[in-house]
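Q:
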Amino acid sequence: MAWIRSRYPKIESVQFDWNTLEVGAVSNGIFAESYNLSVKGTFNNNQKTIIFIDFRLEHSDSIPEMSRIGMNHPPRIKRDGGIYIYE
Numbered sequence: 098m099a100w101i102r103s104r105y106p107k108i109e110s111v112q113f114d115w116n117t118l119e120v121g122a123v124s125n126g127i128f129a130e131s132y133n134l135s136v137k138g139t140f141n142n143n144q145k146t147i148i149f150i151d152f153r154l155e156h157s158d159s160i161p162e163m164s165r166i167g168m169n170h171p172p173r174i175k176r177d178g179g180i181y182i183y184e
């Protein structure tokens with residue numbers, strides 16, 4: 098949570114949906130170069146929000162490390178029939 102708040106101070110809490118946890122190969126088009134562990138959730142107890150947290154992995158069964166955490170997409174919010182970057 099501290100990592101997320103350091104980048105997005107308006108995010109006070111995150112509710113992860115652990116059923117969305119997924120590990121997928123990241124490739125250069127030919128070979129799997131590495132893997133990405135991704136989990137989706139909401140934040141600030143608002144069901145209209147969307148957040149994805151990603152970890153770069155060397156192997157599909159590697160243990161995630163905080164030094165490899167990232168976000169491939171900024172936090173978003175659903176409103177007015179669209180999905181927008183959360184301010």
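Heads up, the sequence shown is in the working numbering, so the first residue is 98 and it goes up one at a time.
Glycine included, every Cβ here is placed at the ideal spot set by N, Cα and C.
1) Assuming I101 is part of the alpha helix (DSSP H), what are its boundary residues?
2) Please state the DSSP three-state secondary structure of S159.
3) Is I108 closer than 8 Å to F140 when the C-beta atoms are compared?
4) Check whether the Cβ atoms of V123 and E130 lie closer than 8 Å to each other.
5) Please work out which residues of its chain come closer than 8 Å, Cβ to Cβ, to Q144, disregarding the five sequence neighbours upstream and downstream, and give them in chain order.
6) If you draw a straight line from the C-alpha of N142 to the C-alpha of L118, how long is it?
7) Would you decide whether P172 is buried or exposed? Buried here means 16 or more other CB atoms lie within 10 Å of its CB.
8) Quick check on F152: buried or exposed, where buried means 16 or more other Cβ atoms within 10 Å of its Cβ?
A: Let me lay it out:
1) 99-104
2) coil
3) yes
4) yes
5) none
6) 19 Å
7) buried
8) buried
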